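*Asks:*
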Amino acid sequence: MTAQRRNAFLLRAGSLLAFLAIWQWYGSDPIHFATPPPTDVFPALWEGLTEGGLLKSTAGTLLTLSVGLVISIFFGLIIGFAVALFPWARNTIDPLIDAAYAMPVTMLIPVIGVYTGLDFRGRVFIVITYVLLVIVISTSTGVRDVPRDLLETGRAFGLRGRELWRAVILPSAMAHIASGISTGVARGIRGAITAELLLIAADLGAYILDAQARLLTDQLLAGILWTLLLGYVLYAAALWLERRLLRWRTLGDLS
Amino acid sequence: MTTVVEPAKAAKPRRRATDNKWVQRAIVWGALLVIYELLAIALGDFYLATIEDIVGGFIQVVEDGRLKTVGESLEHLLVGFALAAAVGIPTGVAMGRSFIVDSVVGMYVRGLFVTSLAALLPLLIILFGVGFKFQVAVVFLFSVFFVIVNAAAGARDVPRNLIRTGEAFCVSPLRRFTSIVLPSSLPYIVVGLRLAIANAYTGMVLAELWVGVGTGGILKNMGQNRDLPKFFAMVVLITALAAFSSHLIRVLERRLMPWADEVRA
Amino acid sequence: MFLELDSVGRTFVLERRKHTEELCVLEGITFGVAEGSFVAICGPSGCGKSTLLRLIHGLQQPDTGEIRVRGERVLGPSLDRGMVFQHHNLMPWRTVVRNVELGLEALKLPKAKARKRAELWLEKVGLSDFAGYYPAQLSGGMQQRVGLARALAIDPQMLLMDEPFGALDAQTRVLLQEELERIWEANAKTVVFITHDIEEALFLADRVLVMSARPGRVIADITVDAARPRREQWRAAPEFAQLKGDIWKLLRDGQHEALLEGVGK
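Residue numbers (this note's numbering), protein chains in the order written: chain A, 1 to 255; chain B, 1001 to 1265; chain C, 2001 to 2265.
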């Protein structure tokens, strides 16, 4: 391991230990009874995982997320391609997409229920509202931004229509699209958790709300910590997948 | 022998009416509005509100004095956003320039940036109560990571050659920071602010929905009472505010930095 | 001797993923430069010419040997030496005239004086009309001229130029070579000029030092006896072609060695 990486590792480990120490000190103070220290929270986390149904809740959240992601990616790609190919899109559709992206979709939660029902379908719909636009934007940008030189080269070598798409446009756009999907995963988990907290208590959201209602503070913090970690792990996995699929992009690093 | 060629007279390209972007917008947006209106009429006022109803709803919202509530929410937004900028820019730049800062702080930033901050709401209520501090804290958290991550990217990507040039012309390290690193990072910082402001609105609404006060509280009530004209009017209003804020920063971007190409987010 | 290099060597240590690699870039470089003379250093790519220039300037320190200016060791960058880079390295957020002022800021000249001096040098390189423009609005040749003005504005004792015309098209290159020659005639400074273009070296310099491929060593010191001022006719002279052939042969043999070494790996 090179000196730099070892130093980075040490600094990070040190930082983490410092954080845990400060948390322990803060939480141990009896005045801060609402924020228990790690020594209470981690056992509660373990308990939740082994017998408290935390894993079951996680599975439920992941299901909501997955269904929402699949639907968003499917329709997002289609709409994204359509937007990229529609000649007037830049003037007419782009401003609408920008405005929609700026909109805080959480605003719609009070009325979603009637359109989709409050249970699984409603939560999936919320995930879709979080993810769809990102896929559309990254797809349309990816298709639009194929370097002109590459297109010309393709045409110069006799590629037309579908072949041009397969050989030049799609591979080039893939980088953007893959990046959009990774971002979509991160946004999707946010959508799922928000839905489970605000639309109708379910899965991980329910776990947290339940702990809050029953004033089980160590379970509450355990649930929050678990949820935060879940989001991080999912995004890291998506990034890893993205990097593997797009090997050719990083090959330059090997110089 | 060399011959001189006379350039031919170029023909003027014909401009069609539909090349004008406002004509296109009129057509497409007009069509979308018509489709929506037909849909609203067909589904009835339990599911959707017609455009006239929404306009009426907007007038009622103003008469009910709701704009004042929106104004108060915006106060939380501005304070939280300003704090996020004040904390986020130095943190991000420090992360981008210093290996130590990046190692110590980076993992928390990147971790919290990609995960669900909504899960933190119960914890934030414990720490801050349900009033002003809570709402500012939520807006802050929702905005700050966008600022930090983008500022760090900008500070990290200062072209090495420019710094070496500063060294070659004996510019002091402090001045190198203020007159090379900062201007070079500025486009990224501004992009970060633009993304952050849109997210700030999300945080503002989320916090208020959770507690049931302010603008979020109003939306909640309207939704429960199925007062759709007023509800959609509010949604349009807030969306317009969020889009406008974002657009404002983009305009500022172009004016403050005439030299920069638009950095793609 | 104005500038002296004494057994100068430089080795880079590169951290690869699993191991560290040592790269000896320069070895045993020894030569002297008389005040007011124009010396060109010619060598194949990767032979360490740019590194050598940075060592002379003081941006890096040699691992072995010593570099002395007027008898004193070079310990760091100094405003006695002006540097012109291959990539113009102009600050994109500053206007042309503000870019020329970069070195003057470290000299702590009062603002009015600095502005006057910058404008003077802009005039000397023929860019007075573009003082208020941004670098991005200028052509490559113009950008390089700004870089030249920036280096000259600090009135250095020595001018160090790292393939300044390398990134330009052939025609612009020739024009700028002639312009540089004229400026140098009018403002005699000691110049160390790096290039891989043999014709450029022969046109501009009093002496051409030929370097080998990595690790870089000086393998020849060729005096160019042509009369000053140099004009177009020098390029057409038979001595010019002769010298060019000699240098090319030296370079090619050195290059050939490097290629074989690469294949052997």
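We put the beta carbon where it would ideally sit given N, CA and C, even for glycine. The structure presented is a predicted model; accordingly, all values stated were derived computationally and were not measured.
Look at Gln219/A and Gly48/A and say whether their C-beta atoms are less than 8 Å apart.
*Replies:* Residue 219/A sits at position 219 when you count from the first residue of the first sequence. Residue 48/A sits at position 48 when you count from the first residue of the first sequence. The answer is yes: Cβ separation under 8 Å.
*Asks:* Report all residues from its chain with a CB closer than 6 Å to the CB of Ala222/A; omit the five preceding and five following residues, and keep chain order.
*Replies:* The count along the first sequence starts at 1 and reaches residue 222/A at position 222. So the list reads Val41, Ala44, Leu45, Gly48, once near-sequence residues are dropped.
*Asks:* Take Ile78/A as the anchor and find which of Arg187/A, Ile177/A, Leu199/A, Thr92/A has the nearest alpha-carbon.
*Replies:* As a working mapping, residue 78/A is identified with position 78 in the first sequence. The residue with the shortest Cα to Cα distance from Ile78/A is Ile177/A.
*Asks:* In chain order, what residues of the stretch 190-202 of chain A put their CB closer than 7 Å to some CB of chain B?
*Replies:* Residues Arg190, Ile193, Thr194, Leu197, Leu198.
*Asks:* Would Leu2148/C count as contacting chain B if we go by Cβ distances under 8 Å?
*Replies:* Within the third sequence, numbered from 1, the residue matching residue 2148/C stands at position 148. Not an interface residue.
*Asks:* Report yes if the CB atom of Gly1223/B is closer than 8 Å to the CB atom of Pro110/A, and no otherwise.
*Replies:* On the second sequence, residue 1223/B is found 223 positions in, with the first residue counted as 1. On the first sequence, residue 110/A is found 110 positions in, with the first residue counted as 1. Yes, these two residues count as a Cβ contact at 8 Å.
*Asks:* Please list the partners that Gly2103/C has in chain B, where partner means a Cβ-to-Cβ separation under 9 Å.
*Replies:* Taking the first residue of the third sequence as 1, we reach residue 2103/C at position 103. Correct list: Ala1168, Phe1169, Cys1170, Val1171.
*Asks:* Across the stretch 1202-1216 of chain B and the stretch 1124-1143 of chain B, are there enough close Cβ pairs to call them in contact, namely three or more that are closer than 8 Å?
*Replies:* In short, these stretches touch, since the Cβ pair count reaches three.
*Asks:* Specify, as a first and last residue, the run of the alpha helix (DSSP H) that Leu1219/B falls within.
*Replies:* As a working mapping, residue 1219/B is identified with position 219 in the second sequence. Run containing Leu1219/B: 1214-1224, per the alpha helix (DSSP H) assignment.
*Asks:* According to the neighbour-count rule (16 or more other Cβ atoms, all chains shown, within 10 Å of its Cβ), is Ile181/A buried or exposed?
*Replies:* Numbered from its first residue, the first sequence carries residue 181/A at position 181. The residue is buried, with at least 16 neighbouring Cβ atoms inside 10 Å.
*Asks:* Measuring CA to CA, which of Asn2187/C, Arg2214/C, Arg2235/C is closest to Gly2048/C?
*Replies:* To locate residue 2048/C, count along the third sequence from 1; it is residue 48. Comparing Cα positions, the closest option is Arg2214/C.
*Asks:* For Thr2190/C, which of helix, strand or coil comes out of DSSP?
*Replies:* The residue given as residue 2190/C occupies position 190 in the third sequence. In the structure shown, Thr2190/C sits in a strand (DSSP, three-state: E or B).
*Asks:* Using the three-state DSSP reduction, which class does Gly2009/C fall into: helix, strand or coil?
*Replies:* Counted from its first residue, the third sequence places residue 2009/C at position 9. In the structure shown, Gly2009/C sits in a strand (DSSP, three-state: E or B).
*Asks:* Closer than 8 Å between beta carbons: that is the criterion. Which residues of the stretch 2147-2170 of chain C meet it against chain B?
*Replies:* Hits within the stretch, in order: Arg2150, Ile2154.
*Asks:* For the beta strand (DSSP E) containing Arg2016/C, list its first residue and its last residue.
*Replies:* Locating residue 2016/C in the third sequence gives position 16, where the first residue counts as 1. Where Arg2016/C is concerned, there is no enclosing beta strand (DSSP E), given that its DSSP letter is neither H nor E.
*Asks:* For a cutoff of 8 Å on Cβ pairs, would you count Thr1165/B as touching chain C?
*Replies:* Taking the first residue of the second sequence as 1, we reach residue 1165/B at position 165. It does; some Cβ of chain C falls within 8 Å.
*Asks:* So is Lys1180/B in contact with chain C if we call contact Cβ pairs under 8 Å?
*Replies:* In the second sequence, the residue the question calls residue 1180/B occupies position 180. The sequence shown places Ile at residue 1180/B, not Lys. It does; some Cβ of chain C falls within 8 Å.
*Asks:* Could you confirm whether any beta carbon from chain B is found closer than 8 Å to the beta carbon of Ala2131/C?
*Replies:* By one-based count along the third sequence, residue 2131/C stands at place 131. No, Ala2131/C does not count as interfacial toward chain B.
*Asks:* With a threshold of 7 Å on Cβ separation, who are the neighbours of Leu1124/B within its own chain once the five nearest residues in sequence on each side are excluded?
*Replies:* As a first step, residue 1124/B is located in the second sequence; it is residue number 124 there, counting from the start. Excluding positions up to five away in sequence, the list reads Phe1134, Ala1137, Val1138.
*Asks:* Taking the beta strand (DSSP E) that Gly2065/C belongs to, which residues open and close that run?
*Replies:* In the third sequence, residue 2065/C corresponds to position 65, counting from 1. First-last of the beta strand (DSSP E) with Gly2065/C: 2064-2069.
*Asks:* Is it true that the CB of Glu196/A sits closer than 8 Å to the CB of Gly188/A?
*Replies:* As a position in the first sequence, residue 188/A is number 188, starting the count at 1. As a position in the first sequence, residue 196/A is number 196, starting the count at 1. Not in contact: Gly188/A and Glu196/A (Cβ atoms no closer than 8 Å).
*Asks:* For Met2083/C, is the classification buried or exposed, using 16 other Cβ atoms within 10 angstroms of its Cβ as the cut-off for buried?
*Replies:* If you number the third sequence from 1, residue 2083/C lands on position 83. Per the 10 Å Cβ criterion, buried.
*Asks:* Just how far apart, CA to CA, sit Glu1052/B and Val1211/B?
*Replies:* Translated into positions along the second sequence, residue 1052/B becomes position 52. Translated into positions along the second sequence, residue 1211/B becomes position 211. Rounded to the nearest angstrom, the two C-alpha atoms are 32 Å apart.
*Asks:* With a Cβ-Cβ cutoff of 8 Å, do Val2025/C and Thr2051/C count as a contact?
*Replies:* In the third sequence, the residue the question calls residue 2025/C occupies position 25. In the third sequence, the residue the question calls residue 2051/C occupies position 51. Yes, Cβ-Cβ distance for Val2025/C and Thr2051/C is below 8 Å.
*Asks:* Would you check if there are 3 or more beta carbon pairs closer than 8 Å linking the stretch 2186-2206 of chain C to the stretch 2034-2043 of chain C?
*Replies:* Enough Cβ pairs lie closer than 8 Å, so yes.
*Asks:* Could you work out which residues of chain A lie near Met1107/B, taking near to mean beta carbons separated by less than 7 Å?
*Replies:* As a working mapping, residue 1107/B is identified with position 107 in the second sequence. Neighbours of Met1107/B on chain A, chain order: Arg12.
*Asks:* Any idea what DSSP makes of Leu2207/C, helix, strand or coil?
*Replies:* Your numbering for residue 2207/C matches position 207 in the third sequence. Here the sequence assigns Arg to residue 2207/C, which means Leu is not the residue at that position. In the structure shown, Arg2207/C sits in a strand (DSSP, three-state: E or B).
*Asks:* Starting from the Cα of Gln24/A, find the closest Cα among Val131/A, Thr217/A, Thr35/A and give me that residue.
*Replies:* To locate residue 24/A, count along the first sequence from 1; it is residue 24. Measuring from the Cα of Gln24/A, the nearest candidate turns out to be Thr35/A.
*Asks:* Leu133/A and Ala100/A: beta carbons closer than 8 Å?
*Replies:* Your numbering for residue 133/A matches position 133 in the first sequence. Your numbering for residue 100/A matches position 100 in the first sequence. Closer than 8 Å, so yes.
*Asks:* Specify the secondary structure class of Gly2028/C as computed by DSSP and reduced to three states.
*Replies:* In the third sequence, counting from the first residue as 1, residue 2028/C sits at position 28. In the structure shown, Gly2028/C sits in a strand (DSSP, three-state: E or B).
*Asks:* At 3 residues or longer, and completely inside the stretch 1043-1108 of chain B: list those beta strand (DSSP E) runs for me, N to C.
*Replies:* Complete beta strand (DSSP E) runs here, min 3: none at all.
*Asks:* For a contact meaning CB atoms closer than 8 Å, what does Leu1162/B contact in chain C?
*Replies:* The residue you call residue 1162/B lines up with position 162 of the second sequence. Chain C residues near Leu1162/B: Asn2089, Met2091.
*Asks:* From the DSSP output, read off the bridge partner residues of Ala2220/C.
*Replies:* Numbered from 1 along the third sequence, position 220 holds the residue referred to as residue 2220/C. According to DSSP, Ala2220/C bridges with Val2210/C.
*Asks:* Looking at the C-beta of Trp1259/B, does it have a partner C-beta in chain C at a distance below 8 Å?
*Replies:* For the purposes of this step, residue 1259/B is taken as the residue at position 259 of the second sequence. Yes - at least one Cβ of chain C is within 8 Å of the one on Trp1259/B.
*Asks:* Which chain B residues sit within Cβ distance under 7 Å of Ala34/A?
*Replies:* As a position in the first sequence, residue 34/A is number 34, starting the count at 1. Going along chain B in sequence order, the residues near Ala34/A (Cβ under 7 Å) are Ile1126.
*Asks:* Can the beta-carbon of Gly68/A be found closer than 8 Å to that of Ile128/A?
*Replies:* Along the first sequence, one-based indexing puts residue 68/A at 68. Along the first sequence, one-based indexing puts residue 128/A at 128. For Gly68/A and Ile128/A, yes; Cβs fall inside 8 Å.
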